[in-house]
Structure formats: C-alpha cells, structure tokens
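Numbering (the numbering used here), first residue to last: 79 to 472.
Ideal Cβ positions, reconstructed from N, Cα and C, are used throughout, including at glycine.
Written below as structure tokens is the structure these notes are about.
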C-alpha cells in the first residue's frame, strides 16, 4: 500500500468518523441534570397501537388553560418546553373531534419531536398509580359518621416563594399568622386531636378514619350518602407539612415486605392494628383540605377534570401542566398489556418528586383501585415538544 493511498484512506475514515460525531449534538442535549435524546415520534414504544385520541381528548381540555396564558412567556418556565405561543399553535391545530386514530397519529408526527429523558445518568424512574375512592359518608355528624373532612381553614395562609425569589419559583409554604409572624400550620396529629374543632366546620363526615387518611392521599373522592346519592370532594389546600409515606415505616419495622407493598396491604395493616394506627398515620404530618365539586371527574392541579388512564401527576419543577408525555412502564394496563401510552401532565402530588417520576390516574371505584393500589413500576419517560421549539444544551 502506498503512503499516498494510506493517507487518503485514513483521512476518509477520520472525516466519516467526525461526521458521525457531528450528529450527536442534534440528537442529545443537556439541560441542568437532564439529558434529552431525540427520537422519531413514530418510534415511541407502543406508538402504533396506543389509542392516542384518548390522550388528545384530555389534552384538548388542557388547551383551554394554555390559551389563556401570555403567549410570549415561557411555557412552564423550562427552556426546553418553548413559549406558550408554540403550544397555542399546537392546540389550534388539533384534529376535529371524531377524527380517526390514524389522523391523530399523523398530527403528532407532523407537529412534535420526541425526547427520551435521562436524569443524572439514570434513564428509568418510578411510576405509581392513584384513583378516586368511593366512600360512605354523611352531611351531618352521627355516631356512625364521626370523622370530619375539613374545608380550607380561613386562617390558612399559602405563600408562593417564587414571588420573592426567582430561584424558588414553584415552591410554596403554608402556615398561619401569629402576631406579625407566619408560623407552621397544625399537623395531622394536632388536627386529629381537635385543633380545628372551634374554628372550621366540616363539609362532610366519614365513617372511617382510615378511609379519610387515604382520601387525603388520593386528593379527591366520591362520597355515598345514606340516601344513596353521591357528592364529590376535591382538593382545596394543604397544611404545608411535607408528605411522608407510611409504607416506608411499615417496611422498616418489618410489618410489610417491600415486594408486597401496596395501598391494599397498608390499609389491611391499619385495620388489623387499631391501637397503633393513629401513631402510624400521624407519621405523615401532611393534611389535605377539601371542597365539594360538581364536575364530571376529580379535579387535578391544572383545574380540570382528570381523564382515567391519561392524566399524569408530575413534578412541575421539570414539566409544566398541559404538557404531552409518553410513558413506557413495566406494568400491565387495563387490558393486561404493557403500559405504553400518551399522557397529559394535569396533576401534581406530594410524593411526586423528580423528572422521571409520575402518578397515573386510573379513575374511580374498585377497578381503579385494583390498577392503582399495587402500581410501583419502573419505566421510561418521553416528552413531546413542538417542532417550532429549538432545544440546545445549557
């Protein structure tokens, strides 16, 4: 082989190698702790079989909120999600109601880029489920119905810290004014022991303190009254204390093994240990306040009725409400198939922290409980970003 031929060959290989390298920044970008890897929308896991129109029906409701925002502001505050006007245009282009699933898939392919999320080098996260319970209750207190469900107290003060410091945007604290100072609000234990009895009238009464505890975790529920009618209650505020999962404590003391942990197991333990239940439930100082609502479904953090199997609770630090998200989780869906589907970020939760973390809303009643209770699945998360948005590394 001549030196000239060897030089040309080496140069060609080097050029081809560098050309390959040059494509990498177009496919993967870094922003903060996140790494976003672009993939074709049609390559999303399960894209060809998912009934995407169900999620886009939920997204259509989110568009009613997006359309009211200042179009020139950042959508949710994250640079990689674009401006509100990018999403307003996306909403305007939604196919007409009644379009077939193929038309909806084409809409996604034509208007979005998909990005796989990697958080601090970890491509997988935890996905759980929640549901709307149907509980027994009464509008009046009695010997049978003696557990109060409180509305938001008049002395509860919620403070958005982002109003004072930009770095704290999205963070809130709650408390009560004592003289000129804001002090922490009552804990779950203090409220259970009567801290609100003289100041706040319950909106409804339940027959079980354990049911009330799980109503707080779910954030909404249907209450069946003695005459057979139902009322729906939804989230109205919280006491500002951090949520603590009591399942962690039950695992630590050996009461429930990690692989058996579920909502049903925790509830069974509480029922079976009446002398210890209050002490354990009080380990979670967070307390939720409720209001009566008259919507077709429970209301999420976006102020909209949630859609079973399509509404996802997320951490707003990473994803704005109304954003389209694709979930691929190691969990069986309603039909026993792997959970791979389009979802909409429409809710938040005290336990939902981190980019690759979500809580799937499964609906109301027993079937929803069966799906939500044991869900503790590893999964991957993808975000859909309008093609008009230019994403670059920090």
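Excluding five sequence positions before and after residue 446, the CB atoms of its chain that fall closer than 6 Å to its own CB belong to 209, 440, given in chain order. For the pair of segments examined, the segment 192–206 was found not to touch the segment 270–277: the number of CB pairs separated by less than 8 Å stays below three. The three-state reading of DSSP puts residue 115 in strand, counting E and B together. In the assembly as shown, residue 253 is a buried residue. Its beta-carbon has 16 or more other beta-carbons within 10 Å. Take the alpha-carbon of residue 362 and the one of residue 177: they are about 46 Å apart. Taking one beta carbon from each stretch, the segment 283–290 and the segment 210–223 have 3 or more pairs nearer than 8 Å; the two touch. Cβ atoms of residue 137 and residue 422 come within 8 Å of each other, at about 5 Å. The residue among 199, 172, 266 with its C-alpha nearest the C-alpha of residue 114 is 199. DSSP, read as helix, strand or coil, puts residue 257 in coil. Residue 369 sits in a strand when the DSSP states are folded into three classes.
Nearest Cα to residue 404 within the set 107, 110, 132: 132. Using a C-beta cut-off of 8 Å, the segment 256–275 makes contact with the segment 309–325, since at least three inter-stretch Cβ pairs fall below that distance. Under the three-state reduction of DSSP output, residue 184 falls in the helix class. If one requires a minimum length of 4 residues, the alpha helix (DSSP H) runs lying completely within the segment 123–172 are 130–144, 162–170, in chain order. With contacts defined as CB atoms closer than 7 Å, residue 469 and residue 203 fail to qualify as a contacting pair.
The C-beta of residue 354 has fewer than 16 other C-beta atoms within 10 Å across all chains shown, which makes the residue exposed.
Per the Cβ contact rule, the segment 296–307 is not in contact with the segment 232–243 (fewer than 3 Cβ pairs under 8 Å).
With respect to residue 398, residue 153 sits close: the two C-beta atoms are nearer than 7 Å.
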